[in-house]
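Residue numbers (our numbering): 38 to 522.
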């Protein structure tokens with residue numbers, strides 16, 4: 038009996054050289070297989086997905102599909118791709134960085150209920166709504182969803198279309214532990230359905246879900262042969278070498294202190310801070326003090342207000358001026374400019390990644406951190422460019438300095454935005470899910486960079502993550518937010 042090949046590529050080479058892989062692709066997906074496309078940042082995984090989904094025509098080779106038992110043969114109906122550019126989903130030209138915090142700019146954005154529409158399969162809809170706890174989100178504006186809530190919405194919306202092949206890019210990032218477990222269970226259930234094939238695109242080389250049957254490694258823009266999951270994991274374990282990062286740490290520890298520090302012992306102080314959007318209370322009478330030199334882990338379930346809290350500290354949320362907030366010992370609204378505050382803060386977040394649609398050379402993206410702009414409006418001096426290159430080298434992306442930002446992989450973009458956060462040697466470092474989308478090796482590297490930076494004198498940090506193992510060893514304090522029901 039001939040095994041059904043849902044996707045068959047024989048010597049595939051796309052016509053456009055800008056999006057071409059380094060070698061012709063030979064690959065078959067068999068019915069019943071559930072596949073992970075795995076590789077480091079910038080390996081070419083997205084280029085392979087573009088080929089699988091027929092985005093670019095082939096110059097040579099063949100690409101065929103067999104979607105049986107689907108009633109339709111169109112690519113559009115049968116292959117659905119959820120491309121999480123980052124934790125917050127893809128942006129469009131109308132989105133800007135602080136939009137989520139500006140209530141008057143949210144009126145024209147649709148609610149979750151409108152975007153989900155009607156579902157043909159009522160039983161599936163009920164099951165998905167229950168599993169993902171969608172009911173409380175239905176009347177929320179899309180723009181107000183937290184990164185994790187938006188992830189749940191996008192997955193449910195796509196699953197309601199009952200695709201034959203579902204391709205998901207790093208589906209677990211941005212989700213709190215209970216939601217990750219829910220998603221894992223749901224995907225595991227979906228793999229038992231005869232008419233659905235799952236394809237996950239993963240940056241974590243050592244974390245392949247147990248329901249995956251086969252792995253396709255991608256590296257240096259070359260697609261490797263498909264292998265069984267256990268064979269891949271055994272090969273990875275044998276090849277995995279933990280490199281020594283002592284030199285990297287020492288370079289950071291040896292950095293000179295160029296800026297005059299604030300002398301205040303209190304870096305952040307919130308007194309009875311409440312934030313509401315319409316009927317929804319995000320933060321309720323929150324008291325929080327961050328002292329100079331402390332390293333805080335900020336955690337909480339999706340939608341509990343973590344990003345909102347950080348937007349107040351960074352002066353990106355207009356409601357911050359109505360709240361009792363002091364930064365570096367100065368009360369908000371007492372005459373200081375927003376730029377005076379930001380000058381001492383290094384910040385990276387899912388919202389920032391989403392808003393960065395500037396196709397400037399990567400080094401200019403890093404340089405924009407010197408003036409806290411989205412894009413580069415002040416030409417940096419040669420010494421400043423040298424500092425930018427130094428930080429890009431620290432994050433392992435010096436070779437990408439002249440490459441346009443939007444041509445970088447999402448992981449490479451995240452590394453550039455991290456370099457942007459560090460480039461002015463900030464006193465307060467605010468890292469909202471900084472390791473998202475990074476491969477196994479870059480996660481280790483960035484964790485070491487954060488740790489070394491925080492060991493310097495008077496550095497203060499607040500870091501958000503849903504993964505305990507991502508936190509550096511320097512954490513001194515913790516705060517956990519609960520969602521207001």
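Just so it is clear, CB atoms sit at the ideal spot from N, CA and C, and this is done for glycine as well.
Task: Backbone CA spacing between residue 172 and residue 339 [nearest angstrom] - done: 15 Å
TODO: Specify the secondary structure class of residue 102 as computed by DSSP and reduced to three states.
DONE: strand
Open item on the list: Please give me, in chain order, every unbroken run of the alpha helix (DSSP H) with length at least 4 that falls completely inside the stretch 379-438.
Closed with: Whole alpha helix (DSSP H) segments, 4+ residues: 387-392, 399-404 and 419-431.
Open item on the list: Along the chain, where does the alpha helix (DSSP H) containing residue 258 start, and where does it finish?
Closed with: Taken as a continuous stretch (DSSP letters only), residue 258 belongs to no alpha helix (DSSP H), as it is neither H nor E.
- [ ] From the DSSP output, in three-state form, read off residue 444 for me.
- [x] helix
Task: Residues of its chain near residue 483, where Cβ-Cβ distance is below 8 Å and the 5 sequence neighbours each way are ignored - done: 432, 452, 455, 471, 472 and 475
Open item on the list: Using CA atoms only, rank isn't needed, just tell me which of 352, 363 and 354 is closest to residue 327.
Closed with: 363
Task: Under 8 Å between C-beta atoms of residue 379 and residue 351 - done: yes
Open item on the list: On the DSSP letters alone, give me the boundaries of the beta strand (DSSP E) that residue 339 sits inside.
Closed with: Careful: residue 339 lies outside any beta strand (DSSP E) and carries neither H nor E.
Task: CA-to-CA distance, residue 89 to residue 255, given in whole angstroms - done: 14 Å
Task: For residue 361: DSSP bridge partner residues - done: Beta bridge pairing from DSSP links residue 361 with 308.
TODO: Can you give me the start and stop residues for the alpha helix (DSSP H) that residue 508 sits inside?
DONE: Counting along the chain, residue 508 falls outside any alpha helix (DSSP H), and DSSP gives it neither H nor E.
Open item on the list: Tell me which residue opens and which closes the beta strand (DSSP E) that residue 118 is part of.
Closed with: 116-119
Task: Proximity of residue 51 and residue 112 at Cβ, strictly below 8 Å - done: no
Open item on the list: Using C-beta distances below 7 Å, list every residue in its chain close to residue 63, excluding the 5 sequence neighbours before and after it, in chain order.
Closed with: 46, 47 and 48
Open item on the list: Assuming the contact rule is C-beta atoms closer than 8 Å, residue 403 and residue 460 should be a hit. Round their C-beta distance to whole Å, please.
Closed with: Cβ-Cβ separation between residue 403 and residue 460: approximately 6 Å, consistent with a contact (criterion under 8 Å).
- [ ] Write down the C-beta distance between residue 485 and residue 511 rounded to the nearest angstrom, noting that I regard them as a contact closer than 8 Å.
- [x] In fact, because the Cβ distance is near 11 Å, the residues do not count as touching under 8 Å.
- [ ] Check whether the stretch 199-217 touches the stretch 435-443, taking contact to mean three or more Cβ pairs, one atom from each stretch, closer than 8 Å.
- [x] no
- [ ] Keeping to the same chain, check which residues put their C-beta closer than 7 Å to that of residue 150; ignore five residues upstream and five downstream.
- [x] 175 and 176
TODO: Quick one: grab the DSSP three-state call for residue 204.
DONE: strand
TODO: Provide the residue(s) that pair with residue 74 in DSSP beta bridges, ordered along the chain.
DONE: 238 and 253
Open item on the list: Looking at residue 227: is its Cβ nearer than 8 Å to the Cβ of residue 235?
Closed with: Judged by their CB atoms, residue 227 and residue 235 are nearer to each other than the 8 Å cut-off.
TODO: Return the chain-ordered list of same chain residues with a C-beta closer than 6 Å to the C-beta of residue 418, the five sequence neighbours on each side being excluded.
DONE: none
Open item on the list: Our contact map puts residue 463 next to residue 487 with C-beta atoms below 8 Å; I'd like the distance itself, whole angstroms only.
Closed with: Contact doesn't hold; Cβ gap of about 12 Å is too wide.
Open item on the list: Here's the rule I'm using: 16 or more other beta-carbon atoms within 10 Å means buried, otherwise exposed. How should residue 249 be labelled?
Closed with: That one is buried.
- [ ] Could you give the DSSP three-state label for residue 66: helix, strand or coil?
- [x] strand
Open item on the list: Let's see if you can read the secondary structure: which residues bound the beta strand (DSSP E) around residue 317?
Closed with: 317-328
- [ ] Whole angstroms is fine: what's the gap from residue 170's alpha carbon to residue 237's?
- [x] Cα to Cα, the separation comes out at about 23 Å.
Open item on the list: Quick check on the burial criterion: 16 or more other C-beta atoms within 10 angstroms. Buried or exposed for residue 388?
Closed with: buried
Open item on the list: Here's the rule I'm using: 16 or more other beta-carbon atoms within 10 Å means buried, otherwise exposed. How should residue 399 be labelled?
Closed with: buried
- [ ] Tell me whether residue 213 is buried or exposed, calling it buried when 16 or more other Cβ atoms sit within 10 Å of its Cβ.
- [x] buried
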